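Peer 1:
Number of protein chains: 4
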Amino acid sequence: MEKIAVITSGGDAPGMNACIRAIVMTADQNDLEVIGFGHGYRGIVEDLNQPLRPNDMRLVSQRGGTILLSSRFPEFKQDKIAKQAATVLDQHGVGALIVIGGDGSFRGASHLARFWQGQIIGIPGTIDNDLAGTDTTIGFATAVDTAMEAIDRIRETAEAMARVFLIEVMGRHAGFIGLHAAIAGSAEAMLVPELEPQPKLADLADNIRRARKAYPDSSYIIVVSENLWPGGIDELSRALGQATGVTCHAAPLGHIQRGGRPNAQDRILSMQLGQSAVHAILDGSRTVMIGIEQGHVVQVPLHLTFQRDKPLDQRLVDLQLGLQQINFASNDARESA
Amino acid sequence: MEKIAVITSGGDAPGMNACIRAIVMTADQNDLEVIGFGHGYRGIVEDLNQPLRPNDMRLVSQRGGTILLSSRFPEFKQDKIAKQAATVLDQHGVGALIVIGGDGSFRGASHLARFWQGQIIGIPGTIDNDLAGTDTTIGFATAVDTAMEAIDRIRETAEAMARVFLIEVMGRHAGFIGLHAAIAGSAEAMLVPELEPQPKLADLADNIRRARKAYPDSSYIIVVSENLWPGGIDELSRALGQATGVTCHAAPLGHIQRGGRPNAQDRILSMQLGQSAVHAILDGSRTVMIGIEQGHVVQVPLHLTFQRDKPLDQRLVDLQLGLQQINFASNDARESA
Amino acid sequence: MEKIAVITSGGDAPGMNACIRAIVMTADQNDLEVIGFGHGYRGIVEDLNQPLRPNDMRLVSQRGGTILLSSRFPEFKQDKIAKQAATVLDQHGVGALIVIGGDGSFRGASHLARFWQGQIIGIPGTIDNDLAGTDTTIGFATAVDTAMEAIDRIRETAEAMARVFLIEVMGRHAGFIGLHAAIAGSAEAMLVPELEPQPKLADLADNIRRARKAYPDSSYIIVVSENLWPGGIDELSRALGQATGVTCHAAPLGHIQRGGRPNAQDRILSMQLGQSAVHAILDGSRTVMIGIEQGHVVQVPLHLTFQRDKPLDQRLVDLQLGLQQINFASNDARESA
Amino acid sequence: MEKIAVITSGGDAPGMNACIRAIVMTADQNDLEVIGFGHGYRGIVEDLNQPLRPNDMRLVSQRGGTILLSSRFPEFKQDKIAKQAATVLDQHGVGALIVIGGDGSFRGASHLARFWQGQIIGIPGTIDNDLAGTDTTIGFATAVDTAMEAIDRIRETAEAMARVFLIEVMGRHAGFIGLHAAIAGSAEAMLVPELEPQPKLADLADNIRRARKAYPDSSYIIVVSENLWPGGIDELSRALGQATGVTCHAAPLGHIQRGGRPNAQDRILSMQLGQSAVHAILDGSRTVMIGIEQGHVVQVPLHLTFQRDKPLDQRLVDLQLGLQQINFASNDARESA
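Residue numbers (this note's numbering), protein chains in the order written: chain R, 1419 to 1755; chain G, 1419 to 1755; chain U, 1419 to 1755; chain L, 1419 to 1755.
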């Protein structure tokens, strides 16, 4: 086996470029050649290839996005399209394909494995961290930092004006970004999909009302996961405003969470996974994801990464639920003192 | 005259704290005492005062928001409320009041001047930069940097996925943030209120379509001022998507533009204005705004700051309109070459 | 037990304030009162106390440094000084003391335990990460991010001018910051105290020479731990310059690594440890450090944290040693192709 | 005239890439072709050319450094080397050369003009801002922001530990970065070359001593320009430490000031100058620098930019000298109150 191909697929995530660098450097030391296909699976099918060499990698780790470009490519589910990809890979003499992406990308990889004999290695790259088999994914830590910095900014103006803000963060259908951003941003409340039971509107409103009464000059921030509340945070803000009599401002963070320079944690993770992926190829692994669990690099069968749900870390859920609890009795006591 | 009072009023802006520091330091060197009232005009009326001393100022310039807190207080338009404020100021022996804020705050200051004999000095503090009589306002430069950094992040993911984004920036009814952010973010198009004539939907759509055809793998970013397009960027994104057949993503930046550490430009401006305001008080000025024009500190009668519109710098408008123009002919030529 | 005291001691670290917040919030929910003593152990002895209340905590997590201030206080090793501290704590009715700091602070805590009957809980707060019994310490992740961002900046100018840079990072006598910053910064070489054997000057010089020959237009960055090379990086730069004939620029990062807003990882860690410390007090623990190992909060006898050396994660050492290895043979092959 | 060449020369500065983008976009709209030579003047002599096209420019404005690379090339002073450059330019059919750089680069440009008939246009690109004929230069505003952020970080740890810091900033032989960073960082003292008379060691020491006495728990920061104090800030720190009995910490910021993403101000300036340079070429200008004075783009004969010294803005000097003055009398009064 002499040639490795790499794609980034699905939503881009900060750290993908650092991962590509590690793949290229590690391959080079083992005398393997690396080519990249642009735009994910589509790029394989359309043969949009380029050589990836060590000297091109010196300034890429620092950058967000992906130098290989990415795309969503639902057509890849069709057998004939996947077969075309297999043909292109064979024509290039590619012996192993590394796919950096999320669950959709890994479904695609599993599909491709039916038609292609090469080794396929997945690397978890998604800001949402919603892949089983790995504690964290490329881009997640940076997305949390970005969301936190945005919350910090909003906190300053919210505090200056004593305002209530609902801040919507990404995560697709998982609450990882929401939970971590809520803790890091010292949020007064948090709405993420995994909470059981979900907080009721009446309880949220009650908490806001009591907090405003106890601390009238203070800000109040609720972190809300996307795709959770029907009508989104605009609707939730209206409902809470009506229930409390307090204007509730909606701040959706949106796509800024996807970009930006990867932080150190994401770069280190990315390079660790990239290096390990090449080692796994040399060791003969196939159709696995390279993940990280409790500091150890692990290999997980690809299909297990998207067939199971990954739970939030309950200790962190308890941390936030604990910290966000306002002791109104204590405040009353102090007030009356 | 021995005592100066300071308030921050209306929307907070990064740099207000640096301005307060300069006021306090300069007053102290001239043996003037400074007190602050919290929450803007409301704080005067409710006598929410606190002493402001040099040694408390060492860590404030770095912070966004306002340590004095702010508020919108429409009740201040009533004569009897303004008279109450005058009474409180007199009770404290305040000889001069410095108001850091925007046009609403300066209207309030003009109103107060009818009932209070002390000196009133305005300092332009608003991220929107929509005050006549000064080239720039406290917070504007930082807001532009914040918007630009957000555009940079979105650019990375937009480029990775070859997407079209509409990014909505603040500015109330003025296009200053929009114009500067569009240039700094290398936007492909810009919609700000001052453009004459306003770009038509059909022309925008046509440009997007041609750009996608010429550069199918590229991002395309339109910076749009708030309060401009009926229905906002959500509606505009839908309309453009329909007209072009290309998905157009909407990204409203919202309140993150208001917070954050002031950049150097804003801190220097803020301190210059704060120091000059105290000097103006010592020189006997009253009912003026301290502004900056072409590097020089100027004094402008307060009412002139909100009765006139401030135009955009036409040279910068021309800069952006020039840079954003794609030479499709040149592309066609290269393509056919 | 009704009252908890908190100090921050030794070098400050980003995240200490988030930790204080978590302590205060958690204590309040459990109807415990919290006081802080300023300037570490010195503040106990001099009784520089202040109440710490939930409502004061809303804007502190975001800030670097420590709101309680810190100091080095070698006098605390004297028995009579420690006894004075015990007396002050007793006078305030303090039942438990939380010390956020590094190994010197924990030695102080162990010393105090000889003279004071209250519970003493340590929380690891140091950017150097050189405490056994915990995978990481408050401030470490942020310091790595800061060092990495500095390296990124230097990389840009180094690349523009094709220069060799030696960048000195903190860490006292441990290589944690050096190792993590080298990986995150894609350094071409790394000098940290734990490497066995230490790279020789001749080998370093040889690598630089060969890299310059293979890639004459490229930057080359060596990350060097402080307190490692006799004469520091100035001396090492001179020596390498002489050995290679290439100018080697020295860039000591210095104290910027200690300040700055804590990143999300540090805030979450800090709050987790702070909350756990209060729970540990309620559970009756004494003279332990609250640490984190593989995601789990653990308690470690205080004296074990500073009597053992903590090794680097060998997997990360291997990662960097692998990635930094330039395959000159591969380059030669390409050149001759 | 159909072809423009561009080089970046001397020390790189954030914003150079945005300037290159503006040149390429503007040229393209006017049907001019642009080529870049790598590594400054050396790249012309060695004919290291590359085409620069609009579609390559979409992701460059955001980046520090220079995509064209730069170098110092003293050999260019030789007539025969300059003649070689002229020959290469003629061989490519270049009609105009744009040089982005500082005074050394403009001396080179003047030299080249003796041997080459094409139009030569200079654009001021240096973080030091030490070019006459323009109020500011590409990279200066970003360097000030970078220095300020470093001072902010050091301020936090200095405050936590009540320390005195001397922070050395860049500027070559000019105090622009020093002055602006001192104001923006709220420095307690400033040493820049233009001060007349220079502060004496005894006075600095006296101020530190008095400040420590009046505010023993506070930080004290002195911003010092490079190349000013014999022996640098290490020597000055030792001398001040000896004179005051207080440890004075030295923090040289070094090359981090040169890198980093350009801020909005620098990007806008860069694009304005780049666009104007192409317009100047179309208008037939030759051997001028495109500068900016009070918001207006101006043209200045090249040799005037490096033959005169540019003074600091005296108003900003007065601002800092005013703000940094501690009113000890006021403190004594309060103390005794």
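Quick reminder that beta carbons are idealized off the backbone N, C-alpha and C, glycines included.
The structure displayed is predicted, hence computed values, not measured ones.
Report the partner residues of residue 1542 of chain U according to the DSSP bridge assignment.
Peer 2: U:1519, per the DSSP bridge assignment.
Peer 1: I want to know whether the segment 1649 to 1661 of chain L touches the segment 1531 to 1542 of chain G - three or more CB-CB distances under 8 Å.
Peer 2: Cβ pair count under 8 Å is below three, so no.
Peer 1: Kindly indicate which residue of G:1504, G:1478, G:1440 has the alpha-carbon position closest to the one of residue 1459 of chain G.
Peer 2: Out of G:1504, G:1478, G:1440, G:1504 has the C-alpha closest to the C-alpha of residue 1459 of chain G.
Peer 1: In terms of alpha-carbon separation, which member of G:1704, G:1680, G:1748 lies closest to residue 1516 of chain G?
Peer 2: Nearest of G:1704, G:1680, G:1748 to residue 1516 of chain G, Cα basis: G:1704.
Peer 1: Closest by CA to residue 1714 of chain L, which one among G:1737, G:1568, G:1745, G:1646?
Peer 2: Among G:1737, G:1568, G:1745, G:1646, the Cα nearest to that of residue 1714 of chain L belongs to G:1737.
Peer 1: Determine whether the Cβ of residue 1665 of chain U lies closer than 8 Å to any Cβ atom of chain L.
Peer 2: Not closer than 8 Å to any Cβ of chain L, the Cβ of residue 1665 of chain U fails to qualify, so no.
Peer 1: So, helix, strand or coil for residue 1748 of chain U, using DSSP?
Peer 2: Looking at residue 1748 of chain U - three-state DSSP - the assignment turns out to be helix.
Peer 1: Between which two residues does the beta strand (DSSP E) holding residue 1606 of chain R run?
Peer 2: Looking at the DSSP string, residue 1606 of chain R is not in any beta strand (DSSP E), and its letter there is neither H nor E.
Peer 1: Using a C-beta cutoff of 8 Å, does residue 1670 of chain R count as contacting chain G?
Peer 2: Output row for residue 1670 of chain R: interface = yes.
Peer 1: May I have the straight-line CA-CA distance separating residue 1627 of chain U from residue 1662 of chain U, to the nearest angstrom?
Peer 2: Residue 1627 of chain U and residue 1662 of chain U: Cα-Cα distance of roughly 6 Å.
Peer 1: I need the DSSP call for residue 1723 of chain R, collapsed to helix, strand or coil.
Peer 2: Residue state, collapsed to three classes: helix.
Peer 1: Compare the C-alpha of residue 1494 of chain G against each of G:1523, G:1483, G:1435, G:1602 and name the closest.
Peer 2: Taking only the C-alpha atoms, the option nearest residue 1494 of chain G is G:1523.
Peer 1: Any contact of the segment 1728 to 1744 of chain R with the segment 1638 to 1648 of chain G, i.e. 3+ C-beta pairs under 8 Å?
Peer 2: Judged by Cβ distances under 8 Å, the segment 1728 to 1744 of chain R makes no contact with the segment 1638 to 1648 of chain G, as fewer than three pairs qualify.
Peer 1: Strictly below 9 Å CB to CB, what residues from chain L border residue 1625 of chain G?
Peer 2: Simply none; closest approach about 14 Å.
Peer 1: Considering only the alpha carbon of each residue, which of G:1660, G:1670, G:1707, G:1693 lies closest to residue 1641 of chain G?
Peer 2: Selected option, being the one with the closest Cα: G:1670.
Peer 1: Can you have a look at residue 1591 of chain R and say buried or exposed, based on whether 16 or more other CB atoms are within 10 angstroms of its CB?
Peer 2: Label assigned to residue 1591 of chain R: exposed.
Peer 1: Compute the Euclidean distance between the alpha carbons of residue 1471 of chain U and residue 1572 of chain R, then round it to the nearest angstrom.
Peer 2: Near 23 Å, if we compare the C-alpha coordinates of residue 1572 of chain R and residue 1471 of chain U.
Peer 1: Within 8 Å (strictly less), CB to CB, does residue 1685 of chain G reach chain L?
Peer 2: Yes, residue 1685 of chain G lies at the interface with chain L (some Cβ there is under 8 Å from its Cβ).
Peer 1: Helix, strand or coil, according to DSSP, for residue 1735 of chain L in the structure here?
Peer 2: Reduced to three states, the DSSP call for residue 1735 of chain L is helix.
Peer 1: Taking only three categories from DSSP, how would you classify residue 1756 of chain U?
Peer 2: This structure does not reach residue 1756 of chain U, given that chain U is present from 1419 up to 1755, and the question cannot be answered.
Peer 1: Starting from residue 1686 of chain G, follow the alpha helix (DSSP H) in both directions and report where the run begins and ends.
Peer 2: Here the alpha helix (DSSP H) through residue 1686 of chain G covers 1682 to 1700.
Peer 1: Helix, strand or coil: which one does DSSP assign to residue 1594 of chain U?
Peer 2: Here residue 1594 of chain U sits in helix by DSSP.
Peer 1: Within this structure, are the beta carbons of residue 1689 of chain G and residue 1741 of chain L separated by less than 8 Å?
Peer 2: In contact: residue 1689 of chain G and residue 1741 of chain L (Cβ atoms closer than 8 Å).
Peer 1: Select from U:1432, U:1560, U:1442 the residue whose C-alpha is nearest the C-alpha of residue 1423 of chain U.
Peer 2: If we check each option's Cα against that of residue 1423 of chain U, U:1442 comes out closest.
Peer 1: Please go through the same chain and pick out, in chain order, the residues whose beta-carbon is closer than 7 Å to the beta-carbon of residue 1625 of chain G, but skip the five residues on each side of it.
Peer 2: Cβ within range, chain order: 1607.
Peer 1: Span of the beta strand (DSSP E) holding residue 1467 of chain R?
Peer 2: Unbroken beta strand (DSSP E) run through residue 1467 of chain R: 1467 to 1469.
Peer 1: Residues of chain G with a CB under 8 Å from the CB of residue 1444 of chain L: which are they?
Peer 2: Going along chain G in sequence order, the residues near residue 1444 of chain L (Cβ under 8 Å) are 1740, 1741.
Peer 1: Cβ closer than 7 Å: which chain U residues qualify as neighbours of residue 1483 of chain L?
Peer 2: Going along chain U in sequence order, the residues near residue 1483 of chain L (Cβ under 7 Å) are 1574, 1575, 1577, 1578.
Peer 1: Considering only the alpha carbon of each residue, which of G:1699, G:1464, G:1570 lies closest to residue 1681 of chain L?
Peer 2: Considering only alpha carbons, the answer is G:1570.
Peer 1: Should residue 1673 of chain L be flagged as near chain U, meaning a C-beta pair shorter than 8 Å?
Peer 2: At least one chain U Cβ lies under 8 Å of residue 1673 of chain L.
Peer 1: Quick check on the DSSP output: the beta strand (DSSP E) that includes residue 1451 of chain U runs from which residue to which?
Peer 2: Here the beta strand (DSSP E) through residue 1451 of chain U covers 1451 to 1455.
Peer 1: Using a Cβ-Cβ cut-off of 8 Å, state whether residue 1678 of chain G counts as contacting chain R.
Peer 2: Chain R, which has a Cβ nearer than 8 Å to the Cβ of residue 1678 of chain G, makes this yes.
Peer 1: Would you tell me roughly how many angstroms separate the C-alpha atoms of residue 1685 of chain L and residue 1706 of chain L, rounded to the nearest one?
Peer 2: About 21 Å.
Peer 1: Check for me: the beta strand (DSSP E) holding residue 1494 of chain U runs from which residue to which?
Peer 2: Element bounds for residue 1494 of chain U: n/a, residue is neither H nor E.
Peer 1: To the nearest angstrom, report how far apart residue 1555 of chain L and residue 1601 of chain L are at their CA atoms.
Peer 2: Whole-angstrom Cα-Cα distance: 19 Å.
Peer 1: So is residue 1605 of chain U in contact with chain L if we call contact Cβ pairs under 8 Å?
Peer 2: False, the Cβ-Cβ gap to chain L never drops below 8 Å.
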